[in-house]
Amino acid sequence: LGRNHPDTLAAATNLANTLRVAGEIDEAFEISRDGLAQYRLAYPADHPHVHGCAGNVALLTRLRGDTAGARELDEAALQALTNKLGRDHDYSLTVAHNLASDLSALDDKHAAVALGEDTLTRLRVVLGPDHPVTLGCAANLALDLAADGEREKAGQLAAEAQERFRRVLGPDHLDTKAAALGQR
């Protein structure tokens with residue numbers, strides 16, 4: 003179909019996400035970065051797929067150790083997605099969730115908590131309280147609340163997220179295990 007056909011780009015995004023979960027961060031990054039270049043050729047500059055892919059590249063950028071670069075990519079993607087789709091679209095919320103993790107990694111605890119709380123509230127409405135993205139946001143927010151000294155609130159949120167992860171995804175799912183171990 004060609005390198006910048008929508009189906010090829012979607013398959014590349016899925017492959018990069020699978021590689022990320024499997025721990026193949028560098029390979030996932032290369033595929034995502036190339037995919038972003040192809041998305042920019044295939045779609046208009048303000049197309050949501052371009053900025054959704056930029057959010058994936060940002061996540062991998064952070065995992066490769068460039069947290070400031072990830073924050074920059076996520077902030078630009080979030081602004082573009084908010085302009086195009088609104089703040090309550092699942093693409094915007096996913097990028098906001100990742101941006102909160104960037105802020106946390108940069109030790110901007112208050113900003114991470116504020117963005118995490120706002121994003122979690124919105125995700126619960128848009129995707130529902132049991133959606134895996136909502137649960138990931140809740141688990142990450144619990145970590146940020148604990149780091150910001152709000153241990154009781156963090157403990158309650160973490161326990162709720164862990165219980166929901168077990169119920170929704172099962173005890174052996176990678177996200178369930180990560181939440182139980184206090185990992186993002």
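Note that my numbering has the sequence shown beginning at 3, numbered continuously upward.
Each residue gets a CB set at the ideal place from its N, CA and C atoms; glycine is no exception.
These numbers were taken from a predicted model, which means no experiment stands behind them.
{"Query": "Apart from the five residues on each side of it in sequence, which residues of its chain come closer than 6 Å, Cβ to Cβ, to threonine 84?", "Result": "Ser94"}
{"Query": "For the stretch 123-155, list the alpha helix (DSSP H) runs that are entirely contained and at least 4 residues long, ordered along the chain.", "Result": "134-149"}
{"Query": "Let's see if you can read the secondary structure: which residues bound the alpha helix (DSSP H) around aspartate 177?", "Result": "176-182"}
{"Query": "Which same chain residues end up closer than 6 Å to aspartate 146 when comparing Cβ atoms and leaving out the 5 residues on each side of it in sequence?", "Result": "Ser106, Ala114, Val115, Gly118"}
{"Query": "At the level of alpha carbons, what is the spacing between lysine 155 and leucine 143?", "Result": "10 Å"}
{"Query": "If I measure Cβ to Cβ from arginine 35 and keep anything under 6 Å in the same chain, skipping five residues before and after, which residues do I get?", "Result": "Val59"}
{"Query": "Our contact map puts leucine 137 next to arginine 168 with C-beta atoms below 8 Å; I'd like the distance itself, whole angstroms only.", "Result": "Leucine 137 to arginine 168, Cβ: 10 Å. No contact."}
{"Query": "Just to confirm, are threonine 15 and cysteine 55 a CB contact at a threshold of 8 Å?", "Result": "yes"}
{"Query": "Where does alanine 12 land, buried or exposed, given buried means 16+ other C-beta within 10 angstroms?", "Result": "exposed"}
{"Query": "Taking the C-alpha atoms as reference points, what is the distance between aspartate 150 and aspartate 104?", "Result": "15 Å"}
{"Query": "Give me, in chain order, the residues of the same chain whose beta-carbon lies closer than 8 Å to that of glycine 4; leave out the 5 immediate sequence neighbours on both sides.", "Result": "Thr10"}
{"Query": "For alanine 82 and leucine 75, I'd like the C-alpha separation in whole angstroms.", "Result": "11 Å"}
{"Query": "State the DSSP-derived secondary structure class of proline 46, mapped to helix, strand or coil.", "Result": "coil"}
{"Query": "Alpha carbon to alpha carbon, how far is leucine 101 from proline 46?", "Result": "24 Å"}
{"Query": "Give the single residue among Ala140, Val135, Ala182, Ile27 whose Cα lies nearest to the Cα of leucine 65.", "Result": "Ile27"}
{"Query": "What residue does the alpha helix (DSSP H) around alanine 14 start on, and which one ends it?", "Result": "8-23"}
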